[in-house]
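2 protein chains.
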Amino acid sequence: MDGRIKEAVDLFQEVLVYGTERVIKSVDHPLWKEYSPEQIQMLKLIGSEKQITSARLAVLQAVHKSAISSRIKKLLQKDVIQVVQTTDKREKLLELTDKGQAIIEELDQVLADYLEKLLSENIADEEIEQFLTIFRKLKTIIKMDGV
Amino acid sequence: MDGRIKEAVDLFQEVLVYGTERVIKSVDHPLWKEYSPEQIQMLKLIGSEKQITSARLAVLQAVHKSAISSRIKKLLQKDVIQVVQTTDKREKLLELTDKGQAIIEELDQVLADYLEKLLSENIADEEIEQFLTIFRKLKTIIKMDGV
DNA sequence: ATTACTAGTTGAGGGGGTATACTATTTTGG
DNA sequence: CCAAAATAGTATACCCCCTCAACTAGTAAT
């Protein structure tokens, strides 16, 4: 544990724990106000799996099933997802509606534009590669691969 | 906007937006359950400024003053901060109690131990320097310097 | 069939946030 | 000098997030 680890710890706290939220806040777009980050993540998960159960969403988002339940209710009211019944009548498969599909595409574009501006204004071309290397590494460390 | 920006955007979302929360969750220590990240940040801010007003905390944490007000109430109940009256009777200066001071020291140690383990197990010595470079950069980009 | 398990919902309680309205105090300025 | 304006912080209503425990309904297993 040298001084560099200490600095890394401090940076981790400042940048990851407290900084991320600010970046999210400063993305100025109506959809970012209408949908919470958790709702957006859920939409993206449903989109990537096409059809998914509540139980699997709880695993993927790493929260209690009741948190998922209320989130689903809100997204159903917004008409961005819909339910498909299976033979097992306990179970409900969720999928995106056309509106939901359109919304995640727009959200992706908005974030991409924002980050592109942020990165291109502040990071030199040579640094982008380093940025990617570190973030790929972080992704594996955080063990988000399965998500 | 080449493919690298696209990858950066995806990584940003996965690692920063959704990944950080998991790391925080996986720090297994009673204090991390007893105090929310926002409460911890507030304690650290009070600690670093010695004495601070509610209004300044609202600026530093970038939230509405009423959010600060309720947070202060909770921290007062936990006896980790105390109020000092100034000549301006509208204003209340906040400072850490001994208990509060002890708690941020313990929290720092806990997070340091956790991250040290995480980083040393997953990042080679040569990569640490890269990690630091990128994170210093991110810190300035996120404009957290004043905090 | 009867019991045991599983999927998902509900409600209480506590964390986060905003905006508005309000109290109390200080400043300002005619 | 005193009334009006500005300021610090609180309270309330309403929203999101979360957990845990109790519950319904449907399926599986003995």
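Chains as they are written, first to last, in UniProt numbering: chain A, 1 to 147; chain B, 1 to 147.
By construction, the Cβ of each residue, glycine as well, lies at the ideal position given by its N, Cα and C atoms.
Within 10 angstroms of the Cβ of residue i, are there 16 or more other Cβ atoms? Answer buried if so, exposed if not.
i: B:ARG71; result: buried
i: A:ALA8; result: buried
i: A:ASP145; result: With a pLDDT of only 46 at A:ASP145, under the threshold of 50, the placement of this residue in the model should not be trusted, and no figure is reported.
i: A:GLN13; result: buried
i: A:GLU34; result: exposed
i: A:VAL23; result: buried
i: A:VAL15; result: buried
i: B:GLU106; result: exposed
i: A:THR20; result: buried
i: B:GLN85; result: exposed
i: A:GLY100; result: buried
In its own chain, which residues sit with a C-beta less than 7 Å from the C-beta of residue i, not counting the 5 before and 5 after it?
i: B:GLU91; result: THR53
i: B:GLN82; result: GLU95, THR97
So which residues on chain B does residue i lean against when the C-beta distance must stay under 8 Å?
i: residue 198 of chain A; result: Since the displayed chain A opens at 1 and closes at 147, residue 198 of chain A lies outside it and no answer follows.
i: A:ARG4; result: ILE128, GLU129, LEU132
Excluding five sequence neighbours on each side, which residues of the same chain lie with their C-beta closer than 6 Å to the C-beta of residue i?
i: B:GLY47; result: LEU96, ILE104
i: A:LEU132; result: none
i: B:GLU127; result: none
Residues of chain A with a CB under 7 Å from the CB of residue i: which are they?
i: residue 151 of chain B; result: Residue 151 of chain B cannot be examined here, being either before or after the span of chain B that is shown, 1 to 147.
i: B:ILE123; result: LYS137
Starting from residue i and walking both ways along the alpha helix (DSSP H), at which residues does that stretch end?
i: residue 160 of chain A; result: This structure cannot settle anything about residue 160 of chain A, because the visible part of chain A is limited to 1 through 147.
i: residue 153 of chain A; result: Residue 153 of chain A is absent from the structure shown; chain A starts at 1 and stops at 147.
i: B:VAL27; result: Run containing B:VAL27: none; DSSP gives neither H nor E here.
Who are the neighbours of residue i on chain B, taking C-beta pairs under 7 Å?
i: A:GLN41; result: TYR18
i: A:PRO37; result: VAL17
i: A:LEU115; result: ALA8, VAL9, PHE12
So with CB distances below 8 Å, who are the chain A contacts of residue i?
i: B:ALA112; result: MET1, ILE5, LYS6, VAL9
i: B:LEU118; result: ILE141
Which residues in the same chain as residue i place their Cβ atom closer than 8 Å to its Cβ, once the five residues preceding and following it in sequence are excluded?
i: B:VAL147; result: The predicted position of B:VAL147 is uncertain, since its pLDDT is 37 and thus under 50; no value can be drawn from it.
i: B:LYS65; result: SER54, ALA55, ALA58
Give the list of continuous alpha helix (DSSP H) stretches no shorter than 4 residues that lie fully inside the stretch 40 to 93 of chain A. 54 to 61, 65 to 77
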